[in-house]
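Residue numbers (the working numbering), protein chains in the order written: chain A, 16 to 138; chain B, 887 to 1531. By construction, the Cβ of each residue, glycine as well, lies at the ideal position given by its N, Cα and C atoms.
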Amino acid sequence: MTKKKILLVDDEKDMVFAVKMQLEAQDFEVLTATDGQEALDKVHRDKPDLIILDVMLPKIDGYKVCRMLKFDKKYKNIPIIMFTARIQETDKKVGYEVGADAYLTKPFEPKALIEQMNQLLKE
Amino acid sequence: MNKKFDYDQLLNQYLFMKDFLENIPEAVYCKDIEGRLTLANKAYRKIFRIKSQEVIGKTDFELFPAEWAQRMFQDDQSVFKTGKPIIDKIERISQSKGADQFASMTRAPRYSDQRKIIGLIGITRDVTKRVYFDYLKEERLQMEKKLEMLEELNRSKSEFISAVSHELRTPLAIIKQLFLLIYDEIVGPVNDKQREILVKVRHNIERQRMMLDQLLDMSRIDRKKLSLHYSLVNLPDLLKDSEDFFEELASEKNIRLTYHFPKQEIIIFIDAERIIQVMTNLIINAIKFTKDKGSIKIEIKILETKVRVEVIDTGIGIAKSDLSKLFGKFVQVSKMESVERKGIGLGLSIVKELIEKHGGEIWVESQLGVGSKFYFTLPRFYTANILEKEIRGRINQLGAKNRIVYLINFLIVNYEEFKKKIDSREKKLLEALKNIMHATFNDMFPARIKKQRVFINDLSRGKFSIILPEGSAQKVSRYCELLRGNTKNYFIKNKIDNIFIAIGILSYSAKVRAEASKKSADNFIIKELYIGSEIRRHKRINYKTNVEVSLKDQKKYYWESMDLSLGGICLLGEIPLKTDEKVRTSMTLLKKKEPFHAMTRVAWIKQIEPDATPVVGKYKIGLEFTHIDDKDKEILSQELKLYYD
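Okay, here's the thing in structure tokens:
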């Protein structure tokens, strides 16, 4: 079985480091990006199986990236998990409105993320 | 002309003028060109507080302090020189004792027949009250400005706290994520000594996170930015989800934690995350203040229109003097040395806000050394048994393995009440709703899915379900969005209000379907639609009358009632009754003018804020009728009917 390709987008490099390691321990292939533009470039180039997207991103914010991908026929089937340090209820609502498939609040239990990912990858 | 008649007329005129001058409350006077008084009425003496008998012929220098006389002299001179009157000049009349007096002075020149100024006429009026009034007005304006500034300051404080806590959360989240690499042994095995340390680190990360969350919540409450995210939840399930976690915490202190829940489902409309937050706060507090081998009981009771949750501990208790402060900000009431002061004291004030935002009440009863009982209620208006047997069966039949089955529930939550309101239009309305659902569905889904879908129509009870054996979460969600919009337009177009609709999307994976079908879905989202003002299951009416309240120990109170329904009565009491206490009530019904008696039980209590509008009592007390004689029951329902119409 080929490894599933995950694109992890977060502007906090240490966060990326930690989550990447957690995911790699679960046998995922992890690509990373630290801003919205880089994220879009990597989606075009590498066609990931799933995207983990932070809301607060430089250049293009996470909601916008999500909306752009979900309105693009080529990419709308790639599941997107949004995550952020904010716990505002409205964020969750916006997250679903822009078409995110799931939503996680930071910090999170790796188990919860992995479960969510596996479920979305199965669908 | 008769001379005698002339004299009488003159006399009358003189008496009239004298009367006028002596009785007018304004000081009226005349001065000659030297500044000597030639006329002064009674009020002149009163206003200038002159004690000496004779003032006629005297100058201001003889009657008043030099400085003041000098000022008046200058004004007089100006009138003499220019011929221009001085109108409404405010002067302070100095007083050796007491408050300052203020007078309005008006002077106009007095002319001789040859148009030469020969003196002046003056009117002086006491305007102390007016001046003080203006002064107060000015002061109030200043106060309002200050208040505005304070509010602004408070706002920026709240915004600052919010910004800081957001910023502090980011590194903390990173710390936790990095920490978990070690804790979860992703980067290598951890030995027992290290594990012991890591557990403590984890505990402290959680503690810090909780405090930051509390600060954020508080600043949101301050800025009125806290909003709830409602969904339909089975309350016992929700509370049982965290059972293990709390049992573990309790067992560390040898505390017995027991749950007493009714067997039936209690499906209510709440923000599940927030209610978990409330429970976490109450249970952790209970554990903190309960000694080894104590016990904590968590109980749910179903009331008439509410659900009541109780957290009862055998802890150290709370002193009577502290009870009222308990739900305030930054409060730490424990003075016990054995209990560490932990946290920033925001927990219970947030809990109170969250419960009240849900439309519930929260209160506490406690006895030092015996324990505390925390109670809160949540409204039960939006109850609905989402999973009927038929639907359950269908879900289990349907759906290939690995497929997710979606269930869309369209529910008019307040249907019973709503039906009465629209009565004759009911059939038409239901037909229209059905059409909206079908049309929206056909626009949205391909033929393949159309064949498989199952519509379950229970519209006579305001319910409608669609089971989709396949489909994507997004598509189902978009369908519901559309359905919501179309329904809303229909109601608005037909001017139907006071309707509450919940559209729920539930998804069932194969795994969940295989397990007991009773179990709730993997995932559900609720879209709610509400048109009109507040609804309640039992119609309550405003009802102000005196009610005799007799307690078990023969004590009697006469309290004012606030509202009344078939299920109970709400009173304004001066003392908090005990929760679940049996109380006998008697009153005379306002319209029927007949006596009414009922046995009741104290269902909930709400302390009224001391800064709220003045009210007679200090506690709002909800009493539920437990026993009413048939005769009284009949009178009550007749009385209520008179109000409904």
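Distance between residue j and residue i (C-alpha atoms, nearest Å)
{"i": "B/GLY1255", "j": "B/ILE1202", "result": "5 Å"}
{"i": "B/SER1194", "j": "B/GLU1024", "result": "It should be pointed out that residue 1194 of chain B corresponds to Arg in this sequence rather than to Ser. Taking the straight line joining both Cα atoms gives about 51 Å."}
{"i": "B/ARG1016", "j": "B/GLU1030", "result": "21 Å"}
{"i": "B/MET1097", "j": "B/THR1056", "result": "14 Å"}
{"i": "B/LEU1509", "j": "B/PRO1481", "result": "18 Å"}
{"i": "B/ILE1248", "j": "B/GLY1257", "result": "17 Å"}
{"i": "B/MET1323", "j": "B/ASN1171", "result": "48 Å"}
{"i": "B/LEU1066", "j": "A/LYS126", "result": "11 Å"}
{"i": "B/GLU1138", "j": "B/LYS1079", "result": "19 Å"}
{"i": "B/TRP1490", "j": "B/PHE1262", "result": "8 Å"}
{"i": "B/GLY1190", "j": "B/ARG1426", "result": "Gly is not the amino acid found at residue 1190 of chain B; the sequence shown has Glu there. Whole-angstrom Cα-Cα distance: 12 Å."}
{"i": "B/GLU953", "j": "B/ARG1001", "result": "32 Å"}
{"i": "A/LYS28", "j": "A/LYS18", "result": "23 Å"}
{"i": "B/LYS1527", "j": "B/VAL1433", "result": "20 Å"}
{"i": "B/ASP894", "j": "B/ASN909", "result": "22 Å"}
{"i": "B/ARG1364", "j": "B/PHE1213", "result": "42 Å"}
{"i": "B/TYR900", "j": "B/LEU907", "result": "10 Å"}
Neighbourhood of residue i by C-beta, 6 Å cutoff - its chain only, sequence neighbours within 5 removed
{"i": "B/GLU870", "result": "Because chain B here runs from 887 to 1531, residue 870 of chain B falls outside it and cannot be looked at."}
{"i": "B/ASP1108", "result": "SER1044"}
{"i": "B/TYR1145", "result": "ILE1184"}
{"i": "B/TYR1443", "result": "VAL1435"}
{"i": "B/MET1104", "result": "LEU1232"}
{"i": "B/ARG922", "result": "GLY943, THR945"}
Distance CB(residue i)-CB(residue j) smaller than 8 Å
{"i": "B/ILE1461", "j": "B/VAL1488", "result": "no"}
{"i": "A/GLN131", "j": "A/ILE95", "result": "no"}
{"i": "B/ALA989", "j": "B/VAL1013", "result": "yes"}
{"i": "B/GLN1163", "j": "B/LEU1264", "result": "no"}
{"i": "B/ASN1167", "j": "B/VAL1237", "result": "yes"}
{"i": "B/PRO911", "j": "B/ALA929", "result": "yes"}
{"i": "B/LEU1297", "j": "B/GLY1348", "result": "yes"}
{"i": "B/ILE1169", "j": "B/ARG1266", "result": "no"}
{"i": "B/MET1448", "j": "B/LEU1437", "result": "no"}
{"i": "B/SER1523", "j": "B/LEU1452", "result": "yes"}
{"i": "B/ALA1136", "j": "B/LEU1125", "result": "no"}
{"i": "B/CYS1366", "j": "B/ILE1290", "result": "no"}
{"i": "B/SER1048", "j": "B/LEU1102", "result": "yes"}
{"i": "B/ILE933", "j": "B/PHE966", "result": "no"}
{"i": "B/ILE1061", "j": "B/ILE1091", "result": "yes"}
Other residues of its chain near residue i: CB distance less than 7 Å, five sequence neighbours each side excluded
{"i": "B/GLY1180", "result": "ILE1141, ASP1199, THR1200, GLY1201"}
{"i": "B/ALA1318", "result": "TYR1376"}
{"i": "A/ALA117", "result": "ILE96, GLN131, LEU135"}
DSSP-derived helix/strand/coil call for residue i
{"i": "B/HIS1052", "result": "helix"}
{"i": "B/GLY1508", "result": "strand"}
{"i": "B/ASN1171", "result": "helix"}
{"i": "B/PRO1057", "result": "helix"}
{"i": "B/LYS1314", "result": "helix"}
{"i": "B/LEU1392", "result": "strand"}
{"i": "B/THR1326", "result": "helix"}
{"i": "B/LYS1031", "result": "helix"}
{"i": "B/ARG1364", "result": "helix"}
{"i": "A/PRO125", "result": "helix"}
{"i": "B/MET1165", "result": "helix"}
{"i": "B/ALA1158", "result": "helix"}
{"i": "A/LYS91", "result": "coil"}
{"i": "B/ASP1199", "result": "strand"}
{"i": "B/ASP1515", "result": "coil"}
{"i": "B/GLY1418", "result": "Its pLDDT being 43, under 50, B/GLY1418 is placed unreliably in this model, and the coordinates cannot settle the point."}
{"i": "B/LEU1022", "result": "helix"}
{"i": "A/ASP116", "result": "coil"}
{"i": "B/ILE1241", "result": "helix"}
{"i": "B/ARG1011", "result": "strand"}
Own chain partners of residue i with C-beta closer than 8 Å, once the 5 adjacent residues on each side are dropped
{"i": "A/GLY91", "result": "The residue you asked about is not Gly; residue 91 of chain A is Lys in the sequence shown. If we look at A/LYS91 and ignore the five residues flanking it on each side, its Cβ neighbours are LEU84, LYS85, GLY114."}
{"i": "A/LEU46", "result": "LYS20, ILE21, LEU22, LEU23, LYS57, ASP61, PRO63"}
{"i": "B/HIS1483", "result": "ARG1470, THR1471, SER1472, ILE1514, ASP1515, ASP1518"}
Proximity test, residue i beta-carbon vs the ligand COA heavy atom, cut-off 7 Å
{"i": "B/GLY1008", "result": "The ligand COA is not among the ligands present in this structure, which contains no ligands whatsoever."}
Exercise. Could you pull out every unbroken beta strand (DSSP E) segment of at least 3 residues lying fully inside the stretch 1085 to 1148 of chain B, listed in chain order?
Key: 1117 to 1120, 1142 to 1146
Quiz item: Can you list the alpha helix (DSSP H) stretches of 4 or more residues lying completely in the stretch 889 to 950 of chain B, in chain order?
Solution: 889 to 909, 928 to 934, 946 to 949
Quiz prompt | beta strand (DSSP E) runs wholly inside the stretch 18 to 56 of chain A, at least 3 long, in chain order | solution = 20 to 24, 44 to 48
Practice problem: Jot down the residue ranges of each uninterrupted beta strand (DSSP E) in the stretch 972 to 1006 of chain B, minimum 3 residues, whole runs only, in chain order. | Solution: 972 to 979, 987 to 997
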